[in-house]
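All remarks here apply to the structure that follows.
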């Protein structure tokens, strides 16, 4: 219902735009603004009150009706059962009003359900009438103000500025909401599990704490082992991606013929755009079994979801990021340095190793840190290793678990929102946020410094 | 007493060593490029090979007698289609004892009843007639038809016993077994049975989520960039917004899932597993991409354009909307491409808001339960039945193909925008 009302309000506003523009046409060059702005202003004057009424009504009506319903019930029938009972009674009334049949209900409640659906019908009609009246009145009032002396453009531009600020605040609000959501649940979680135990405890077994005879936080939420698994996977990924990415960047910048560069660079960019779920599937299908076979040939016992396989595929995923950022950093080194080095007789390799790499180091380090933050936050590829018990072990051939996997598996069950498992997921999320935030801050500062020296 | 070699020989040795380092660095670099691209190529090949079985489907042609006593013409929806399927399956082996009828029915997919029902409801004239329908074979028989079953293995170690295999071989000899292109993969909803499971629900869910995501993130992102670049000259607000956007761009995607769960689902009470929430979460995730790309594009528009506009008396908005924005359009479209790729391929935040639910129906609205392509791939690839893994691989190919297609459209648009300059 509000949806169709909003749509008709917008249609009415569109009509107002054309009417306003037509009304301003005869003003000619005597007007302060062009006809388009008169039309736009009229449309704004019509749409904004209409939308405001609709939204306010839609927000206020349910709460108001609930209060009226409770007041309408016979005294004493609800107060005796407390707030929980009140919510239950309301839920029953709402179900009845939506046409669902419920057995064994008080006659009072059945009657209230009928009353609610009647009220809703009245509310719908009243809302429609109110919006229609608002639209009409605001149109008529605004129409009288469309005169040649009206500074329509200035008014429209003021409204646009408000719109821009509202849009720009969405990004800020996202951060605030993210922080508030993570912090609130984490504080709640730390009431059950002391922070020191969460950060340094080594016993991670979130399923145990769900048992009713056990007090949550008896050591089942020690996340150190989860952190260790994350670090192991990230370390393997970096061991793959950093050397390979650097070699690729050096090759493409210093050695490759322009023809090779012309196809290799876009190919790497395509790789960077491949969805991680594709990497996840390839890891599951090809890489993990291949590593298992290779391990068996060498006489090693390799788990089917080894940390090595997960790290390797994650490394390949972040490889294009490392190589493209290192590529940028190397190419940002001033040409003079390169030519001076070659002029005194250094080979290409010596130029790269002794001149270009040191000069490009801040940019390269920034790229590496960004890639590390991606590897730590990667979820899909490491899901391969999901559902496994966390133990502190740095054995790359065994199974492992990471922060992201634990978040995904803890929230996979539809547990109540104040469940310690749900809260633990938010605590892990906050840890992840803090770590990646620090890495990004450092990385951006390094990259920015690198580009500044280039500009000077 | 040996004498040292003459100086030029030593210099030659050193020169050779230095040259060798150079050659080795070049070879290592070329090796790294070949290794990385080769490994990616291998992964793609593995996915394509794995998807091949899902591209075709083994079907069995069955003659169904649509008996008017079982399905009345006045109310076909209430008909007993189960019985018709049972009779049709039994009729495949007219000389077999009735005790084997259920074994014959197991050759067909358990979804055969639903398929027949849909067919008859769509075309009620069939009632009272005979309908020859190619029904997908059940999973184990599909494997058998592809020679993936080891007939020499002891009976206890395979799903089908010798009698089952003999029965299927007879159908093959009768010419009733065929292998056809698996259009159901694109047009069916999800199912418990791999032979009839398809991507229609996931594709619809992804399209809805993507449309909502773009409808939110493009206007808001472009507006944010305009405010940052064109209106607020380096005051504290723009610095905060810019730093904040740069930081948001690097927040791990899964955290947006936590945000969506806490705010949209728990706080606002929006339905779980719905494309609406998925689109909103993806919009927040892709917002920084759009803002960064748009502000880059705006900054690249020459100052002279703006100054020329101001010189003839245009207001700031007229300069931005009439001159700067059209010139920045190609760069903004590049940002839109990146946002599309990101939104279509990302699964991690969608897991937390329940987009990996088992949903068999194709969603008709943005608040209905649905899956998306990446979460459907995850669901299928974790399933133990062999048919589902092949379907997951095929779904990845569908995802990659739609990414390529959407990128192609955006590149074309960018081309046109660039030409118009």
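Protein chains in written order, with the UniProt record's numbering: chain H, 1 to 456; chain P, 1 to 421.
Even glycine gets a Cβ: it sits at the ideal position worked out from N, Cα and C.
On a predicted model such as this, the values are computed, not experimentally measured, just so you know.
Taking 9 angstroms as the cut-off, the Cβ atoms of residue 382 of chain P and residue 271 of chain P do not count as close. Taking residue 113 of chain H as the centre and dropping the five residues before and after it, the same chain places the C-beta of 93, 96, 97 closer than 6 angstroms to its C-beta, in chain order.
The C-alpha of residue 305 of chain H lies about 33 angstroms from the C-alpha of residue 207 of chain P. Residue 351 of chain H counts as buried, since no fewer than 16 other beta carbons sit within 10 angstroms of its beta carbon. The residue among H/131, H/73, H/59, H/41 with its C-alpha nearest the C-alpha of residue 7 of chain H is H/131.
In the DSSP assignment, residue 124 of chain P is bridged to no other residue. Counting C-beta pairs closer than 8 angstroms gives three or more between the stretch 404–411 of chain H and the stretch 251–262 of chain P, which meets the contact rule.
For residue 437 of chain H, a Cβ of chain P is located within less than 9 angstroms of the residue's own Cβ. Beta-bridge partners assigned by DSSP to residue 180 of chain P: P/57.
The distance from the Cβ of residue 213 of chain P to that of residue 104 of chain P is about 49 angstroms, inconsistent with a contact at the 8 angstroms cut-off. For the stretch 222–248 of chain H, residues whose beta-carbon sits nearer than 9 angstroms to a beta-carbon of chain P comprise 243, 244, 245, 246, 247, 248.
Residues of chain H whose Cβ lies closer than 8 angstroms to the Cβ of residue 291 of chain P are, in chain order, 171. Using a C-beta cut-off of 8 angstroms, the stretch 112–124 of chain P makes contact with the stretch 73–84 of chain P, since at least three inter-stretch Cβ pairs fall below that distance. Proximity of chain P to residue 165 of chain H at the Cβ level (cut-off 7 angstroms) is accounted for by 227, in chain order. Per the Cβ contact rule, the stretch 404–418 of chain P is not in contact with the stretch 63–72 of chain P (fewer than 3 Cβ pairs under 8 angstroms).
At a Cβ-Cβ threshold of 9 angstroms, residue 335 of chain H and residue 204 of chain H do not count as neighbours. Among the CB atoms of chain H, one or more fall inside 9 angstroms of the CB of residue 381 of chain P.
At a cut-off of 9 angstroms between C-beta atoms, residue 341 of chain H does not count as an interface residue with respect to chain P. At the C-beta level, residue 182 of chain P and residue 54 of chain P come within 9 angstroms of one another. Between residue 251 of chain H and chain P, the shortest Cβ-Cβ separation is below 9 angstroms. The alpha-carbon separation between residue 309 of chain P and residue 323 of chain P amounts to approximately 8 angstroms.
The beta carbon of residue 273 of chain H sits closer than 9 angstroms to some beta carbon of chain P. Against residue 287 of chain P, the close residues of chain H are 170, 171, 174, in the order they occur along the chain (beta-carbon pairs closer than 8 angstroms). Residue nearest to residue 166 of chain P within the set P/185, P/193, P/93, P/52 is P/93 (criterion: CA-CA distance). For a cut-off of 8 angstroms, the C-beta gap from residue 153 of chain P to residue 107 of chain P is around 20 angstroms, too long to register as a contact. Residue contact with chain H for residue 315 of chain P: present (Cβ-Cβ distance below 9 angstroms to some residue of chain H).
For residue 134 of chain P, the pairing in a beta bridge is given by DSSP as P/61. The beta-carbon of residue 303 of chain P is placed no less than 9 angstroms from the nearest beta-carbon of chain H. Only buried fits residue 227 of chain H, as 16 or more other CB atoms lie within 10 angstroms of its CB. The residue among H/283, H/299, H/333, H/324 with its C-alpha nearest the C-alpha of residue 312 of chain H is H/283.
The bridge partners DSSP lists for residue 108 of chain P are P/137.
When Cβ-Cβ separations below 9 angstroms define contact, residue 373 of chain H makes contact with chain P.
In the DSSP assignment, residue 291 of chain H falls within the unbroken alpha helix (DSSP H) covering 288–297. In the three-state reduction of the DSSP assignment, residue 380 of chain H falls in the coil class. Closest in C-alpha terms to residue 321 of chain H, from the list H/169, H/236, H/241, comes H/241.
Within the model, the alpha-carbon separation for residue 175 of chain H versus residue 248 of chain P is close to 7 angstroms.
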